[in-house]
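Let me begin by presenting the structure, written as structure tokens, before commenting on it.
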Amino acid sequence: MCQEHMFSADMKQPAVEPLAGEGLSTEPPGTVRSALRRPYRPAQVREAVQRAVCERCRATHTPCDTDALADALLVASELTTNAILHGGGITDVRVDVAGPGVRVSVSDRSTELPVARPAAGPQGRLTPGGHGWPIVCLLSRDIRVRDLPTGGKCISALVPLP
């Protein structure tokens with residue numbers, strides 16, 4: 014796991030955050046939340062991120078930074094792909110755009126922490142895979158991993174938006 018990012022198994026935050034329109038909203042203008050229906054696929058999560066970021070740009074009358082959006086799309090894709098390949102499948106996805114960026118949260122069935130694998134095998138040859146978690150760590154400013162009360166974990170990554 015990235016050393017500069019936080020891990021806490023005892024965070025007291027709910028596993029599922031309420032969506033906009035559920036209850037009273039005290040969120041600033043431009044806050045966008047999105048939940049997806051199952052089954053979750055990387056392309057579906059990328060579309061939700063793009064939709065949420067574009068809605069924020071429209072609501073705040075600010076231009077959309079294509080580089081920041083590309084970073085957020087890549088992080089969303091890596092988190093969902095890793096949950097499918099290494100986490101026993103995706104159990105929930107949340108996309109929240111507020112304040113400094115877009116937060117992508119992906120829950121899966123595994124309690125195993127993500128790890129970065131070496132790019133080279135024992136004989137010094139490059140091996141496929143193992144690049145997703147380092148990419149998430151490089152492009153995100155705040156990564157949180159928490160255990161879920163029903164089992165599994167939720168990985169949440171904040172990608173900055175200008």
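Using my numbering, read the sequence shown as starting at 14 and increasing by one per residue.
Backbone N, C-alpha and C fix where the C-beta goes; we use that ideal spot for every residue, glycine too.
Where does residue i land, buried or exposed, given buried means 16+ other C-beta within 10 angstroms?
i: P127; result: buried
i: G164; result: exposed
i: L86; result: buried
i: A96; result: buried
i: G114; result: buried
i: T93; result: buried
i: G137; result: exposed
i: R9; result: Past the edges of the chain, shown from 14 to 175, lies residue 9, and the structure says nothing about it.
i: K166; result: buried
i: G34; result: Reliability fails at G34, whose pLDDT of 37 lies under 50, so the model's placement of it is uncertain and no value is given.
Just list the residues that DSSP pairs residue i with in beta bridges.
i: V106; result: V119
i: I148; result: None, per the DSSP bridge assignment.
i: A129; result: None; A129 has no bridge partner.
i: P173; result: G114
i: L139; result: A133
i: I97; result: For I97, which the question treats as bridged, DSSP gives no partner whatsoever.
i: C167; result: S120 and R159
Using a Cβ-Cβ cut-off of 7 Å (strictly less than) and excluding sequence neighbours within five positions of residue i, which residues of its own chain qualify?
i: T153; result: Correcting the residue identity first, residue 153 is Ser in this sequence and not Thr. Excluding positions up to five away in sequence, the list reads V88, A170, L171 and V172.
i: D84; result: L152 and V172
i: P175; result: D78 and A81
i: L139; result: A132 and A133
If residue i sits next to residue j, beta carbons under 8 Å apart, how far is it from one beta carbon to the other, in whole angstroms?
i: D121; j: T104; result: 6 Å
i: V6; j: C77; result: Residue 6 is absent from the structure shown; the chain starts at 14 and stops at 175.
i: R124; j: D155; result: Checking the displayed sequence, the identity of residue 124 turns out to be Thr instead of Arg. Actually they are not in contact, since the Cβ atoms of T124 and D155 sit about 21 Å apart, beyond 8 Å.
i: R130; j: G112; result: So it is not a contact: roughly 33 Å between Cβ atoms.
i: V149; j: E91; result: 5 Å
Tell me which residues share the same chain as residue i and place their Cβ nearer than 6 Å to its Cβ, disregarding the 5 neighbours each side in the sequence.
i: V106; result: L49, Y53, V58 and V119
i: P55; result: S90, T93 and T94
i: G102; result: R122
i: W146; result: P127 and A129
Examine the ligand NAP and report whether any of its heavy atoms sits within less than 7 Å of the Cβ of residue i.
i: E91; result: No copy of the ligand NAP appears in this structure; indeed no ligand is present at all.
Given residue i, which residues of its chain have a CB within under 8 Å of its CB, disregarding the five upstream and five downstream residues?
i: L37; result: For L37, the predicted model reports a pLDDT of 38, less than 50, meaning its position is unreliable and no value from the coordinates is stated.
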